[in-house]
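All remarks here apply to the structure that follows.
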Amino acid sequence: MRVEIWADVVCPWAYIGKRRLEKALAGWEGEPVEVVWRPYRIDPTAPAPGEPLADVLRDPQVDEALRACNPDLTPADNRTLVERIAAAEGLGPPWGAAWRASTHDAHRLIALAYERGGAALQDAVAEGVLRAHFVEALDLSRPEVLGRVAAGAGFAEGADLLATGAGDEHVRESLLVGKAMGVRTSPTLVVAGRALAGAQPPEVIREFLEEAGATAVRRLPAEVERLRHVESLLDQRDPLGALTLLRPLLGEHGDDRGVRMLAARAYYASAQLGRAAATLERLVAESPDDSYARHLLGRTLQRQGRHEEAVPHLAMASAMTPSYAT
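With my numbering, the residue at position 299 of the sequence shown is 598, and numbering never jumps.
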């Protein structure tokens, strides 16, 4: 059974959740479990190199945003509460982040650790990254910090791999997959298509794992999973993300009508109207009775200012599917 942890390594609940998952798995007698870390970013705009968190917390707008995390507590009281919970889980002392920093490269290192050494190496790297941020108060965006973490975890090649840019595309795609799957909280555990959000108590996690493990799941081909994720991103109005996930399918299955239609929708939604029109014109030529392709082609031509060309396509589409006339 694979347990995916979708989490950001600057989220204290990710570290707390890691400890609670470990407790839930202690003495586990079910099928073998593989824990895999997946990326999530709470603050995609965080800089590299990082900036001192103390300076950030003095910003009134940041203070107001943090209050939304726990309306019943001030941000300072909330940090004290998290520190107390972390201590109860055996984390620290000391405890407390000192930097607002990009976690992109940290996620790359964690992903590369799994690629090169499997779940055990990845777990060691994730532990080192979390400890560096919350216990050692280091800036995770700095290559020397991540290099030291990698070496300490037994991943000697990690620093060199980061320097080459390895893992960049994988992390960017994974973030989009998480978004498509509906991951909205760090951490979120995903098992067999089921999700458990937040750093839940060990007994809750264990019950979740038992129920998920007992669920029969029909595995879909990777291409089908990717298409579903593309559709989800389009529904979430992220056409550029959809195109990013669609790119491999366009390369491998560029003749597939469904793939091309998704591409046309994404081109249209991202205002790449020339590409949308060219793709849709081919689709309509191949299947003149496809009312949706005709309708979208007409709309595309309208947005390009080609109104006379748009009219017959829109008319035919509404004749075939009356709802398109509204």
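Beta carbons: idealized from backbone N, C-alpha and C, even for Gly.
Of the residues the options, which one's Cα is nearest the Cα of residue i?
| i | options | result |
| --- | --- | --- |
| residue 311 | 470, 561, 328, 383 | 383 |
| residue 423 | 469, 579, 581, 321 | 321 |
| residue 352 | 399, 324, 602, 377 | 399 |
| residue 527 | 480, 463, 416, 488 | 480 |
| residue 357 | 344, 541, 375, 349 | 375 |
| residue 324 | 503, 553, 545 | 503 |
| residue 437 | 547, 597, 349 | 349 |
| residue 449 | 505, 476, 416, 359 | 416 |
| residue 465 | 483, 545, 414, 379 | 414 |
| residue 418 | 531, 523, 333, 326 | 333 |
| residue 619 | 597, 602, 590 | 590 |
Hey, residue i and residue j are a contact pair by Cβ (cut 8 Å); roughly how many whole angstroms apart?
| i | j | result |
| --- | --- | --- |
| residue 439 | residue 461 | With 8 Å as the limit, residue 439 and residue 461 do not qualify as a contact, their Cβ atoms being about 12 Å apart. |
| residue 490 | residue 300 | 6 Å |
| residue 316 | residue 498 | 3 Å |
| residue 303 | residue 335 | 5 Å |
| residue 592 | residue 560 | 7 Å |
| residue 507 | residue 488 | 7 Å |
| residue 387 | residue 394 | Residue 387 to residue 394, Cβ: 11 Å. No contact. |
| residue 544 | residue 529 | 5 Å |
| residue 319 | residue 442 | With 8 Å as the limit, residue 319 and residue 442 do not qualify as a contact, their Cβ atoms being about 31 Å apart. |
Just to confirm my understanding: we take residue i, look at its own chain, exclude 5 residues before and 5 after, and list those with CB closer than 6 Å. What are they?
| i | result |
| --- | --- |
| residue 569 | 538, 539 |
| residue 514 | 491 |
| residue 412 | 420, 421, 424, 454 |
| residue 496 | 484, 487 |
| residue 602 | 572 |
| residue 531 | 479 |
On the CB-based measure, 16 or more other CB atoms within 10 Å of its CB, does residue i come out buried or exposed?
| i | result |
| --- | --- |
| residue 468 | exposed |
| residue 535 | exposed |
| residue 588 | exposed |
| residue 622 | exposed |
| residue 516 | exposed |
| residue 573 | exposed |
| residue 554 | exposed |
| residue 476 | buried |
| residue 505 | buried |
| residue 380 | exposed |
| residue 604 | exposed |
| residue 345 | buried |
| residue 598 | buried |
| residue 493 | exposed |
Ignore the nearest five residues each way along the sequence and tell me which others in residue i's own chain have a CB closer than 7 Å to its CB.
| i | result |
| --- | --- |
| residue 307 | 313, 339, 340, 341, 402, 485 |
| residue 549 | 558, 562 |
| residue 624 | 617 |
| residue 482 | 305, 339 |
| residue 396 | 309, 352, 432, 433, 436 |
| residue 463 | none |
| residue 337 | 303, 304, 305, 473, 477 |
Sorted by chain position, which residues of the same chain lie with C-beta nearer than 8 Å to residue i's C-beta, five sequence neighbours on each side aside?
| i | result |
| --- | --- |
| residue 250 | There is simply no residue 250 to check, as the chain begins at 300 and stops at 625 in what is shown. |
| residue 600 | 576, 606, 608, 609, 612 |
| residue 626 | Residue 626 falls outside the range modelled here, since the chain spans only 300 to 625, and no answer is possible. |
| residue 586 | 556, 592 |
| residue 595 | 563, 564, 567, 575, 579 |
| residue 533 | 541, 561, 564, 565, 568 |
| residue 509 | 329 |
| residue 547 | 525 |
| residue 552 | 522, 558 |
| residue 404 | 347, 439, 440, 442, 445, 461 |
| residue 389 | 318 |
Less than 8 Å between CB atoms is the rule here; does residue i satisfy it with respect to chain B?
| i | result |
| --- | --- |
| residue 327 | In summary, chain B is missing from the structure at hand, where a single protein chain is found. |
Exercise for review: Flag this pair as touching only if the stretch 450–466 and the stretch 404–417 have three or more C-beta atom pairs under 8 Å; answer yes or no.
Suggested key: yes
**Study point:** Cβ contact check for the stretch 417–435 and the stretch 468–477: 3 or more pairs under 8 Å
**Key:** no
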